[in-house]
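>
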Amino acid sequence: MMPTVAMVLFAAPALATGMHSGTHDGHEMMIIGQPGMAAKVDRTIAIGMVENEDGSMAFDPVSVTVKKGETVRLAFTNEGEYDHEFVMDTHKRVMKHKMAMESMPEMRHVDQNAIRIGPQGKGEIVWTFTSPGQFDFACLIPGHYELGMKGALTVTAN
Ligand SMILES: [Cu+2]
Numbered sequence: 015m016m017p018t019v020a021m022v023l024f025a026a027p028a029l030a031t032g033m034h035s036g037t038h039d040g041h042e043m044m045i046i047g048q049p050g051m052a053a054k055v056d057r058t059i060a061i062g063m064v065e066n067e068d069g070s071m072a073f074d075p076v077s078v079t080v081k082k083g084e085t086v087r088l089a090f091t092n093e094g095e096y097d098h099e100f101v102m103d104t105h106k107r108v109m110k111h112k113m114a115m116e117s118m119p120e121m122r123h124v125d126q127n128a129i130r131i132g133p134q135g136k137g138e139i140v141w142t143f144t145s146p147g148q149f150d151f152a153c154l155i156p157g158h159y160e161l162g163m164k165g166a167l168t169v170t171a172n
């Protein structure tokens, strides 16, 4: 397990300014976890972003299972001809983010739990999963979710 040093660092300014608990400089403590250190990576999971001939889009694989405390390199390959993104969060927060993206289509994620990748591009997120539970991942570029770009992320307790 990673020590929760960030939690301590975030607590004081949040209280001092009356900001929403856990928010500091636009970064929130997320229940799904926190950015991990490359040196601590336990394993790599390759995730493709795929455009199918029938017009549907998908992640490959569509479900990912990790363990609480595990640091994983999520290695993305955009195999298509459009930009795609990956965001992982609670279902509720993914849906909230989806609505924001639909009202501001040019919005770019600056969140650490998200990445946007151009056609034929590659990218990665190194992440430490800190809470067991059921989470979503999705591409929230307008229309892509409906075309199939969503998946399930399970964090097991051990
Ligand atoms: Cu997409």
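In our numbering, the protein residues as written are 15 to 172. Backbone N, C-alpha and C fix where the C-beta goes; we use that ideal spot for every residue, glycine too.
In whole angstroms, what separates the C-alpha of Val80 from that of Asp68?
Their backbone Cα atoms lie some 31 Å apart in a straight line.
> Helix or strand or just coil, what does DSSP make of Glu160?
Looking at Glu160 - three-state DSSP - the assignment turns out to be coil, as it is neither helix nor strand.
> How close, in whole Å, do the beta carbons of Ser92 and Ile131 come, if the pair is a contact with beta carbons under 8 Å?
Here the sequence assigns Asn to residue 92, which means Ser is not the residue at that position. Their Cβ separation, rounded to whole angstroms, is 4 Å, which keeps Asn92 and Ile131 in contact under 8 Å.
> Quick test of your reading: Ile46 and Ser145, contact by CB under 8 Å. State the CB separation rounded to the nearest angstrom.
Going by Cβ atoms, the distance from Ile46 to Ser145 rounds to 7 Å, so yes, they are a contact pair.
> In angstroms with no decimal places, state the Cα-to-Cα distance between Gln126 and Val101.
Using only the alpha carbons, I get a separation of about 9 Å.
> Report buried or exposed for Pro17, applying the criterion of at least 16 other Cβ atoms within 10 angstroms of its Cβ.
With a pLDDT of 48 at Pro17, under the threshold of 50, the modelled position of that residue is not reliable, and the figure given next carries that caveat. Answer is exposed; the Cβ neighbour count stays below 16.
> Quick one: give me the first and last residue of the beta strand (DSSP E) that Ser70 is part of.
Premise fails: Ser70 is in no beta strand (DSSP E) and is neither H nor E.
> With which residues is Ser77 paired in a DSSP beta bridge?
Answer is Ala166, bridged to Ser77.
> Could you name the residues that DSSP lists as bridge partners for Thr91?
Gly62, Lys136, per the DSSP bridge assignment.
> What number of angstroms, rounded off, separates the C-alpha of Glu84 from the C-alpha of Asp56?
Their Cα atoms are separated by approximately 6 Å.
> Given Ala171, which residues of its chain have a CB within under 6 Å of its CB, disregarding the five upstream and five downstream residues?
Lys82, Pro146.
> Using a Cβ distance threshold of 8 Å, determine whether the segment 147 to 156 contacts the segment 108 to 116, with at least three qualifying pairs required.
Enough Cβ pairs lie closer than 8 Å, so yes.
> Might you give, ordered along the chain, the residues of its own chain that have their beta carbon closer than 8 Å to the beta carbon of Ile59, omitting 5 neighbours on each side?
The residues are Val78, Val80, Val86, Arg87, Leu88, Ala89.
> Give the DSSP bridge partners of Arg57, in chain order.
Bridge partners of Arg57: Val86.
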